[in-house]
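Participant:
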Amino acid sequence: MTTHASRSLVPPGRTRTVPPALHEFAYWLHRYRRTWRGTVVLNVANPLLFLTGIGAGLGSLVNHNNSAALGGLSYLAFLTPGLLAASAMQTAYIDSAHPVHQSVQAKGHYWAASATPMSPVDIYYGHLLFNVFKVTLSATAFTAVAAAFGAVDALRAPLVVAATLLVGAAFAAPSAAWAVTAKRQPTVLAVLRFGVMPMFMFSGTFFPLTQLPGWLQPVVQATPLWHGVELCRTAALGTGTAAGTALHVGYLTVLAVVGLLLGRRTYQRHLHS
Amino acid sequence: MTETTRQPQGTVPEQAAMIRARGLQKRYGAARGEGFTAVAGIDFEVRPGEAFGILGANGAGKSSTMRMIACTSPSTGGSLDVLGLDARTEGARIRARIGVVPQDDTVDVELTVRENLLIYGRYFGLPKAEIRRRATELLDFARLTDKADERVEALSGGMRRRLTIARALINEPEIVLLDEPTTGLDPQARHLLWERLFQLKDDGITLILTTHYMDEAEQLCDRLVVMDGGLIVTEGSPGGLIERYCTREVLELRFGPGEREAMTDKARGLVERIEELPDRILLYTDEGEATLAAAHARGVVPLTALTRRASLEDVFLTLTGRSLVD
Chain A
9 MTTHASRSLV PPGRTRTVPP ALHEFAYWLH RYRRTWRGTV VLNVANPLLF LTGIGAGLGS
69 LVNHNNSAAL GGLSYLAFLT PGLLAASAMQ TAYIDSAHPV HQSVQAKGHY WAASATPMSP
129 VDIYYGHLLF NVFKVTLSAT AFTAVAAAFG AVDALRAPLV VAATLLVGAA FAAPSAAWAV
189 TAKRQPTVLA VLRFGVMPMF MFSGTFFPLT QLPGWLQPVV QATPLWHGVE LCRTAALGTG
249 TAAGTALHVG YLTVLAVVGL LLGRRTYQRH LHS
Chain B
702 MTETTRQPQG TVPEQAAMIR ARGLQKRYGA ARGEGFTAVA GIDFEVRPGE AFGILGANGA
762 GKSSTMRMIA CTSPSTGGSL DVLGLDARTE GARIRARIGV VPQDDTVDVE LTVRENLLIY
822 GRYFGLPKAE IRRRATELLD FARLTDKADE RVEALSGGMR RRLTIARALI NEPEIVLLDE
882 PTTGLDPQAR HLLWERLFQL KDDGITLILT THYMDEAEQL CDRLVVMDGG LIVTEGSPGG
942 LIERYCTREV LELRFGPGER EAMTDKARGL VERIEELPDR ILLYTDEGEA TLAAAHARGV
1002 VPLTALTRRA SLEDVFLTLT GRSLVD
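Protein chains in written order, with this note's numbering: chain A, 9 to 281; chain B, 702 to 1027.
1) Anything in the region 117-144 of chain A with a Cβ closer than 8 angstroms to a Cβ of chain B? List those residues in chain order, please.
2) In terms of alpha-carbon separation, which member of A:G134, A:D161 and A:V175 lies closest to S146 of chain A?
3) Taking contact to mean 3 or more Cβ pairs, one atom from each stretch, closer than 8 angstroms, check whether the region 759-776 of chain B and the region 905-913 of chain B are in contact.
4) Helix, strand or coil for Q726 of chain B per DSSP?
5) Can you give me the C-alpha to C-alpha distance between A190 of chain A and H109 of chain A, rounded to a whole angstrom?
6) Can you tell me whether R961 of chain B is buried or exposed, with buried defined as 16 or more other CB within 10 angstroms of its CB?
7) For E704 of chain B, collect the residues of the same chain with a Cβ closer than 6 angstroms to its Cβ; drop the 5 residues on either side in sequence, then sort them by chain order.
8) Can you tell me the Cα-Cα spacing of P19 of chain A and R164 of chain A, whole angstroms?
9) Which residues in the same chain as G724 of chain B place their Cβ atom closer than 6 angstroms to its Cβ, once the five residues preceding and following it in sequence are excluded?
10) Just verifying my parser: in three-state terms, what is the DSSP assignment at R794 of chain B?
11) Just curious, the alpha helix (DSSP H) that I906 of chain B is in, first and last residue?
12) How long is the line joining the alpha carbons of L886 of chain B and F215 of chain A, rounded to whole angstroms?
13) Listing by chain order, which chain B residues have their CB less than 9 angstroms from the CB of Y259 of chain A?
14) Using C-beta distances below 6 angstroms, list every residue in its chain close to M207 of chain A, excluding the 5 sequence neighbours before and after it, in chain order.
15) Taking only the alpha-carbon atoms, compute the straight-line gap between V112 of chain A and A123 of chain A and give it to the nearest angstrom.
16) Return yes when the Cβ of I943 of chain B is within less than 9 angstroms of the Cβ of A890 of chain B, no when it is not.
17) Which residues, in chain order, does the region 980-1007 of chain B contribute to contact with chain A at a C-beta distance below 7 angstroms?
18) Can you tell me which of B:H892, B:E831, B:V810 and B:L984 puts its alpha carbon nearest to the alpha carbon of A855 of chain B?
19) Report buried or exposed for T88 of chain A, applying the criterion of at least 16 other Cβ atoms within 10 angstroms of its Cβ.
20) Have a look at B:E1014, B:A718 and B:D923 and flag the residue whose alpha-carbon is nearest the alpha-carbon of Y946 of chain B.
21) Within 9 angstroms of any Cβ in chain B, is that where the Cβ of H12 of chain A sits?
22) Output yes if chain A places a C-beta closer than 9 angstroms to the C-beta of R974 of chain B; else output no.
23) Quick one: list the residues of chain A neighbouring E811 of chain B, beta-carbon separation under 8 angstroms, in chain order.
24) Based on DSSP bridge pairs, tell me the residues matched to E735 of chain B.
25) Does Y275 of chain A get closer than 9 angstroms to chain B when you measure Cβ to Cβ?
26) Please state the DSSP three-state secondary structure of V810 of chain B.
27) For A162 of chain A and I876 of chain B, what's the separation of their Cα atoms in angstroms?
28) For my contact list, L878 of chain B and I770 of chain B are in at a C-beta cut-off of 8 angstroms; report their separation, rounded to the angstrom.
29) On the three-pair Cβ rule with 8 angstroms, is the region 262-270 of chain A touching the region 168-184 of chain A?
30) For A29 of chain A, would you say it is in contact with chain B, using Cβ-to-Cβ distances shorter than 9 angstroms as the test?
31) Check whether the Cβ of Y729 of chain B lies closer than 9 angstroms to any Cβ atom in chain A.
32) For E936 of chain B, write down the residues that DSSP places opposite it in a beta bridge.
33) As a quick exercise: from A:L56, A:A34, A:P221 and A:V228, pick the residue whose alpha carbon is nearest that of G203 of chain A.
34) Among B:P979, B:E976 and B:A968, which residue has its Cα nearest to the Cα of T993 of chain B?
35) Roughly how far, in whole angstroms, is the beta-carbon of L697 of chain B from the beta-carbon of L818 of chain B, given that I think they are within contact range, below 8 angstroms?
36) Please look up how many angstroms separate the CB atoms of S938 of chain B and R955 of chain B, rounded, as I've assumed it's under 8 angstroms.
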């Protein structure tokens, strides 16, 4: 083997044009190539099932009672954007927390990547990019199915996807930042059961906030998912106010940025300890 | 980027060392006040083309030292230069020029053998065509060409380790770090691996390895250090260390139950140093057979007697003690 012959091809320690984080993105994308067919089925089948079962089935019951709480909306039109936001949160958490935690176990992928010129921050950004990419895929599939059902206005669909994307980033960044520090797999599951799932149920996804006892409402309004649901819903229905939208976008952006800053620290500390 | 200048053979001036550590320290958890010192200030140098061993019991500080050299763990004191670059500030540039074979195989079991090489090469920013060319060469080097398109899941432990080594070579490194490269492998796999490592040495690549196996260190290392409690307790060539700390041969005598103490008393004075173990005694001597004859003459009757060449293991146990480190 020649050791030095082709060194001049690439300056050591430097990639030529591609930001290093994209190598990490490419790694996860390469792995995803093995399983993407399955996830596409899930991404299309899941919304179909939800929209038919809950939106149309349960919705016909709700609509019969002509609930004033929904503000004259059909249940399907009310539910769809909320479900989009909640699913984005779930995808973002599951795809971030679990693979990240796996990657820092003994024999984990991160140890291989961190022995290369990649910095821990490159690894974090690349993995995060992939997770946001997956949220985008499922949000796009979900919205397309919903638009075909007439549950979302086709013209508003791109705006809805963009709002969902922000929800995904706001959850993915802190989830990965935390998961890299998680010692045990059960902890990762516990956060899903006792943090993510309650938000899924109670953050205005399935019913309006006004249905909850008064003391609980401010609690729900403090959760990130409530802001995500409100943002997606007002985007889908065109009912957003400037102040409300600014608040929701601001909240979610701050969460994403704080997550990013935290992740830079936790990845650096754990991968190069 | 200037390359480390190659000096004429025989001289090892300051700038020619591949690795130079001065007062190198690693302390974990120092920020939280509950510190644990893994490496307590060590000095060593590794010369170009050398196979350099770091020996020590578990917890002696070997792996921490390796991780500092690999620039995946910042030192907390002293200085460390790798390839003439400061490990604290030039981590990415150093990592681009070294290969790392970690203790645990971190190859991706869901991907094929070849895919593992292709993807890893991308992390070094190498062009795809160049990675493909090198991957084919390295598969051949690691004797894995037949397995190129199989998933890593299906590979034996020895094959996985060879893949890990092939992967560490994808960037044509000047230094390869091997942390316990043959732990857990069967004898055939070990011998094949040793042969591959000799090949790397012949190609002029500097090897740094840690190992628990003294025969491995004797075979592979030109020079080694023995670490204990975060410090280097000795340094030298395997042969030189045996000469310094041991006699040429070791006579091992086993006795029947209850006889050991009496027999040991009889044997005392036969040689300068006798080591008493629970099941046998070791007599350090330059002429095993002659010592055995002398012992017989004194009425020392062992159940079994074995004369063997003194090994690095004797040196290691002499230096670091026989008590178990957990």
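Backbone N, C-alpha and C fix where the C-beta goes; we use that ideal spot for every residue, glycine too.
This one's a predicted model, so the numbers in the text were calculated from it and none came from an experiment.
Facilitator: On the basis of the data shown:
1) Correct list: H117, W119, A120, A121, S122, A123, T124, P125, M126 and S127.
2) Locating residue 146 of chain A in the first sequence gives position 138, counting from the first residue. Of the residues A:G134, A:D161 and A:V175, the one whose Cα lies closest to the Cα of S146 of chain A is A:V175.
3) They touch, by the three-pair rule.
4) Locating residue 726 of chain B in the second sequence gives position 25, counting from the first residue. Q726 of chain B: strand per DSSP, three-state reduction.
5) Against the first sequence, residue 190 of chain A aligns to sequence position 182. Against the first sequence, residue 109 of chain A aligns to sequence position 101. In this model, A190 of chain A and H109 of chain A are separated by some 7 angstroms (Cα to Cα).
6) As a working mapping, residue 961 of chain B is identified with position 260 in the second sequence. Classification for R961 of chain B: buried.
7) Against the second sequence, residue 704 of chain B aligns to sequence position 3. Annotation note: pLDDT 43 at E704 of chain B (below 50); position unreliable, coordinate value reported separately. In the same chain as E704 of chain B, and ignoring 5 residues on each side of it, no C-beta atom comes closer than 6 angstroms to its own.
8) Here the question's residue 19 of chain A lines up with position 11 in the first sequence. Here the question's residue 164 of chain A lines up with position 156 in the first sequence. Low local confidence applies: a pLDDT of 48 at P19 of chain A is under 50, so the model's placement there is unreliable, with the coordinate-based value given in what follows. Their backbone Cα atoms lie some 48 angstroms apart in a straight line.
9) In the second sequence, residue 724 of chain B corresponds to position 23, counting from 1. Short of 6 angstroms from the beta carbon of G724 of chain B, and not among the five residues preceding or following it, lie these beta carbons of its own chain, in chain order: G742 and G779.
10) The count along the second sequence starts at 1 and reaches residue 794 of chain B at position 93. Here DSSP, grouped into helix, strand and coil, assigns R794 of chain B to helix.
11) Numbered from its first residue, the second sequence carries residue 906 of chain B at position 205. Run containing I906 of chain B: none; DSSP gives neither H nor E here.
12) Walking along the second sequence from the start, residue 886 of chain B turns up at place 185. Walking along the first sequence from the start, residue 215 of chain A turns up at place 207. The alpha-carbon of L886 of chain B is positioned some 60 angstroms away from that of F215 of chain A.
13) Stepping through the first sequence from its first residue, residue 259 of chain A is reached at position 251. Within chain B, no residue comes near Y259 of chain A; the closest Cβ sits about 32 angstroms away, beyond 9 angstroms.
14) The sequence position of residue 207 of chain A within the first sequence is 199, counting from 1. The residues are T231 and L233.
15) Position 104 of the first sequence, counting from 1, holds the residue named residue 112 of chain A. Position 115 of the first sequence, counting from 1, holds the residue named residue 123 of chain A. Taking the straight line from one Cα to the other gives about 13 angstroms.
16) Taking the first residue of the second sequence as 1, we reach residue 890 of chain B at position 189. Taking the first residue of the second sequence as 1, we reach residue 943 of chain B at position 242. Not in contact: A890 of chain B and I943 of chain B (Cβ atoms no closer than 9 angstroms).
17) If the cut-off is 7 angstroms between Cβ atoms, the region 980-1007 of chain B has nothing near chain A.
18) Against the second sequence, residue 855 of chain B aligns to sequence position 154. Ranking B:H892, B:E831, B:V810 and B:L984 by Cα distance to A855 of chain B puts B:V810 first.
19) Taking the first residue of the first sequence as 1, we reach residue 88 of chain A at position 80. Result: buried.
20) Within the second sequence, numbered from 1, the residue matching residue 946 of chain B stands at position 245. Closest by alpha carbon: B:E1014.
21) In the first sequence, residue 12 of chain A corresponds to position 4, counting from 1. Reliability of the predicted coordinates at H12 of chain A is poor, the pLDDT of 43 falling under 50, and the value obtained from them is presented with this limitation in mind. With respect to chain B, the C-beta atom of H12 of chain A has a partner C-beta closer than 9 angstroms.
22) As a position in the second sequence, residue 974 of chain B is number 273, starting the count at 1. Taking Cβ atoms only, chain A never reaches closer than 9 angstroms to R974 of chain B, which makes this a no.
23) For the purposes of this step, residue 811 of chain B is taken as residue 110 along the second sequence, with counting starting at 1. Near E811 of chain B (Cβ distances below 8 angstroms), the residues of chain A are R39 and R42.
24) For the purposes of this step, residue 735 of chain B is identified with residue 34 of the second sequence, where counting begins at 1. Partner residues in a beta bridge of E735 of chain B, as assigned by DSSP, do not exist.
25) Within the first sequence, numbered from 1, the residue matching residue 275 of chain A stands at position 267. It does not; no Cβ of chain B falls within 9 angstroms.
26) The residue you call residue 810 of chain B lines up with position 109 of the second sequence. The answer is coil: DSSP assigns V810 of chain B none of H, G, I, E or B.
27) In the first sequence, residue 162 of chain A corresponds to position 154, counting from 1. In the second sequence, residue 876 of chain B corresponds to position 175, counting from 1. A straight line joining the alpha-carbon of A162 of chain A with that of I876 of chain B spans about 58 angstroms.
28) In the second sequence, counting from the first residue as 1, residue 878 of chain B sits at position 177. In the second sequence, counting from the first residue as 1, residue 770 of chain B sits at position 69. For L878 of chain B against I770 of chain B, the beta-carbon gap comes to about 6 angstroms, under 8 angstroms, which counts as contact.
29) Taking 8 angstroms as the limit for Cβ pairs, the verdict is that the region 168-184 of chain A does touch the region 262-270 of chain A.
30) Position 21 of the first sequence, counted from the start, is the residue given in the question as residue 29 of chain A. No, because no Cβ of chain B sits closer than 9 angstroms to the Cβ of A29 of chain A.
31) Along the second sequence, read from residue 1 onward, the residue named residue 729 of chain B stands at position 28. Flagged as an interface residue toward chain A: Y729 of chain B, by a C-beta distance shorter than 9 angstroms.
32) Counted from its first residue, the second sequence places residue 936 of chain B at position 235. Partner(s): B:V926.
33) Residue numbering aside, residue 203 of chain A sits at position 195 when the first sequence is read from its first letter. Comparing Cα positions, the closest option is A:V228.
34) Stepping through the second sequence from its first residue, residue 993 of chain B is reached at position 292. Correcting the residue type first, residue 993 of chain B is Leu in the shown sequence and not Thr. Looking at B:P979, B:E976 and B:A968, the one whose alpha-carbon comes closest to that of L993 of chain B is B:A968.
35) Residue numbering for chain B in the displayed model covers 702 to 1027; residue 697 of chain B lies beyond these limits and cannot be assessed.
36) As a first step, residue 938 of chain B must be located in the second sequence, where it is residue number 237. As a first step, residue 955 of chain B must be located in the second sequence, where it is residue number 254. Wrong, their Cβ atoms sit about 32 angstroms apart, outside the cutoff.
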